[in-house]
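These notes concern the structure reproduced below.
In my numbering, the protein residues as written are 218 to 528.
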């Protein structure tokens with residue numbers, strides 16, 4: 218809790234107000250390294266600006282002279298004393314809001330600004346390197362064979378890490394990234410979402426992708442349970458043999474029809490074995506022949522002695 222020692226306007230550069238702090242409760246985020254430097258910096262900056270003390274960090278409130286001339290006499294500058302005390306309290310708050318291993322490096326620093334600058338030199342550049350690394354990871358991540366929930370969790374985790382180092386990802390960027398990493402199974406729903414007039418929210422996108430994933434699973438189950446009786450005809454699944462359009466099936470069907478037609482015709486013929494005489498118990502099988510043809514022997518002579526009956 219901040220405490221005003223005197224009731225003097227703290228906005229004046231020559232203010233005699235000394236603000237005390239309770240870093241444990243007022244500055245809960247501790248600096249532990251480059252990965253959270255941006256968040257820690259934002260916390261300190263907002264806190265000091267709220268008390269009109271950020272000039273101690275950016276140099277806009279420089280160190281006053283220790284001695285001033287007053288009535289032709291050099292006297293101790295009271296404003297320096299107030300400034301110095303306030304600066305020490307700010308520096309103490311900075312040390313209390315960092316990891317003990319980092320605080321040890323600030324012990325020999327004389328002012329809050331020097332502490333602030335040294336932390337920037339140590340972690341700001343590394344923080345930018347961290348941003349590049351996280352953005353590269355975000356660009357490369359894809360769903361692959363994972364569940365949608367697992368893929369989205371990784372994307373959001375990387376976005377949250379980027380936010381902690383001061384590189385916020387907008388909702389538009391997040392949606393584009395998610396859609397680009399889904400893969401071909403989600404091509405149709407991805408195209409539909411991209412064609413919308415307004416950008417979809419992350420929450421709505423999450424629900425739609427989960428629903429589409431369930432739909433794909435149901436379709437896969439249906440494929441696995443579909444009869445494969447047509448495999449012997451065309452090696453294709455998803456239909457039965459009676460509706461198969463392959464040539465092999467039509468060929469078999471034609472043969473079946475042909476055989477069926479032959480079976481429907483009664484066989485009334487007696488096989489001609491080449492014999493010169495035949496015996497039959499059914500005279501109805503014989504018919505009188507009155508045609509112009511005759512029978513010739515092997516020597517070319519016609520044989521008049523034959524029965525004018527044929528079967």
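Idealized CB from N, CA, C, for every residue including glycine.
Terminal residues of the alpha helix (DSSP H) in which residue i lies
{"i": "residue 315", "result": "Segment: none, residue 315 is in no alpha helix (DSSP H) and carries neither H nor E."}
{"i": "residue 381", "result": "365-381"}
{"i": "residue 388", "result": "388-397"}
{"i": "residue 360", "result": "Where residue 360 is concerned, there is no enclosing alpha helix (DSSP H), given that its DSSP letter is neither H nor E."}
{"i": "residue 248", "result": "Looking at the DSSP string, residue 248 is not in any alpha helix (DSSP H), and its letter there is neither H nor E."}
{"i": "residue 402", "result": "Run containing residue 402: none; DSSP gives neither H nor E here."}
{"i": "residue 273", "result": "272-275"}
Sequence-distant residues of its chain with Cβ nearer than 7 Å to residue i (five each side left out)
{"i": "residue 281", "result": "294, 296, 297 and 300"}
{"i": "residue 394", "result": "355 and 372"}
{"i": "residue 329", "result": "273, 274, 304, 307, 308 and 311"}
{"i": "residue 417", "result": "392 and 410"}
{"i": "residue 407", "result": "396 and 399"}
{"i": "residue 423", "result": "369"}
{"i": "residue 243", "result": "264"}
{"i": "residue 437", "result": "none"}
{"i": "residue 260", "result": "244 and 246"}
Where residue i sits in the DSSP three-state scheme
{"i": "residue 295", "result": "helix"}
{"i": "residue 285", "result": "strand"}
{"i": "residue 323", "result": "helix"}
{"i": "residue 352", "result": "helix"}
{"i": "residue 413", "result": "coil"}
{"i": "residue 261", "result": "helix"}
{"i": "residue 236", "result": "strand"}
Residues near residue i in its chain [Cβ-Cβ closer than 8 Å; skip 5 each side]
{"i": "residue 247", "result": "257, 314, 315 and 316"}
{"i": "residue 252", "result": "344, 347, 378, 381 and 382"}
{"i": "residue 241", "result": "313"}
{"i": "residue 325", "result": "none"}
{"i": "residue 402", "result": "433"}
{"i": "residue 335", "result": "322, 323 and 326"}
{"i": "residue 385", "result": "379"}
Residue-level contact to chain D via CB, residue i, 7 Å cutoff
{"i": "residue 384", "result": "Of the protein chains in the structure, only one exists, and it is not chain D."}
Residues near residue i in its chain [Cβ-Cβ closer than 6 Å; skip 5 each side]
{"i": "residue 323", "result": "312 and 332"}
{"i": "residue 354", "result": "375"}
{"i": "residue 382", "result": "255, 344, 347 and 348"}
{"i": "residue 264", "result": "none"}
{"i": "residue 291", "result": "284"}
{"i": "residue 359", "result": "398"}
{"i": "residue 352", "result": "none"}
Residue nearest to residue i in terms of C-alpha spacing, selected from the options
{"i": "residue 411", "options": "424, 402, 423 and 397", "result": "397"}
{"i": "residue 233", "options": "304, 264, 357 and 240", "result": "304"}
{"i": "residue 366", "options": "399, 243, 437 and 385", "result": "399"}
{"i": "residue 250", "options": "342, 286 and 370", "result": "342"}
{"i": "residue 420", "options": "389, 434 and 431", "result": "389"}
{"i": "residue 338", "options": "319, 352 and 350", "result": "319"}
{"i": "residue 302", "options": "351, 262, 238 and 357", "result": "238"}
{"i": "residue 405", "options": "430, 386 and 415", "result": "430"}
{"i": "residue 426", "options": "414, 364 and 289", "result": "364"}
{"i": "residue 278", "options": "287, 266 and 362", "result": "266"}
Any non-hydrogen atom of the ligand FAD within 6 Å of residue i CB
{"i": "residue 371", "result": "Looking for the ligand FAD in the displayed structure turns up nothing, as the structure carries no ligands at all."}
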